[in-house]
Amino acid sequence: MLNYIRAEIYKLLRRPYTYIALGVMLALEGLYASMFAFHNAHSMATPFGGAIVTIIEMGAIGFCTCLLTGDIVFAGQYKNSTLKNEVSFGLSRTQVYLGKFITQTLLSIAYLLVMMGFFLGLCAVCLPMEPSAGFYSAHEGLVIVGYFLAVGLPLWIAAQAAACMCLFLVHGEMAGSFLYVGLVFVLDTVLEVAGMLIGGGAGALLLKVIQYFPMRMLNAAKTVVGDMGYLGKAWLVGAFWVAVCTAAGLYGFHRKEIK
């Protein structure tokens with residue numbers, strides 16, 4: 008397994024796609040930070056703490072990044088007919104599936120560290136560190152962002168498991184991507200509408216269940232900063248989604264005919 012993961016990491020590090028995707032995201036972050044600097048030069052200054060807390064409004068980017076890193080690692084193996092070579096080489100389907108999921112997760116975490124480090128560093132250089140009236144101080148901003156990332160990490164890993172499942176179970180990157188978007192961004196809304204229309208005990212159950220979808224939990228994290236109980240719940244929910252998606256992906260992949 009370790010040799011397979013090392014091989015997958017070696018391949019992704021040699022793909023231009025890996026660096027182009029990261030470069031585009033860093034460029035967008037640089038543009039976003041420059042907007043604060045431009046605003047500061049022409050109006051009331053936004054300090055470091057006030058700028059970095061806007062990260063909590065961008066949790067959806069993490070879920071989109073999971074699909075991106077999944078695509079980088081999976082590399083269209085159904086389209087290129089390379090997945091059957093790995094299986095025929097003697098690797099078990101479990102090794103292939105888990106190896107790619109772990110590699111995807113490691114790449115996503117690496118992207119997260121680089122992107123957060125770049126944005127925080129850029130804001131520290133370009134923006135005043137002293138707090139202004141109506142804004143968070145640097146320390147307060149870092150605490151809020153740190154808590155948000157601590158809650159988000161297990162939920163993003165859960166989304167990574169969903170992305171891996173979709174890519175393995177569906178032929179065609181576009182179809183797999185649409186399935187992922189449906190699961191992560193749309194399904195909770197569909198269930199919410201269904202719950203309101205059904206009413207009664209079943210409707211109430213649906214409305215309660217959707218609160219444990221990764222996107223819903225991450226959006227709610229911004230209102231409970233510092234709540235360690237909610238942080239623990241996020242990790243339990245993330246572990247549940249990882250287990251369910253991985254089990255479903257492995258089951259489907261073992262039954263799937265590879266052409």
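In terms of the numbering used here, the sequence shown opens at residue 8 and continues consecutively.
A virtual CB, placed ideally from N, CA and C, is assigned to each residue, including glycine.
Remember, it's a predicted structure, so these values are computed and weren't measured experimentally.
- By the C-beta density criterion, Y118 is buried, having at least 16 other C-beta atoms within 10 angstroms.
- In the DSSP assignment, V191 falls outside any alpha helix (DSSP H) and carries neither an H nor an E.
- With contacts defined as CB atoms closer than 8 Å, T53 and F43 qualify as a contacting pair.
- The DSSP-derived three-state label of L176 is helix.
- In this structure M203 is exposed. Its beta-carbon is surrounded by fewer than 16 other beta-carbon atoms within 10 angstroms.
- Excluding sequence positions up to five before and after Q167, its CB lies within less than 6 Å of the CB of C73, Q111, T112, S115, all in the same chain and listed in chain order.
- CA-to-CA, the gap between A40 and T76 works out to about 24 Å.
- Pairwise C-beta distances place the region 22-39 out of contact with the region 148-166, as fewer than three of them are shorter than 8 Å.
- The residue among G128, F55, L29 with its C-alpha nearest the C-alpha of Y143 is F55.
- Remark: C-beta atoms of G245 and A157 do not approach each other more closely than 8 Å.
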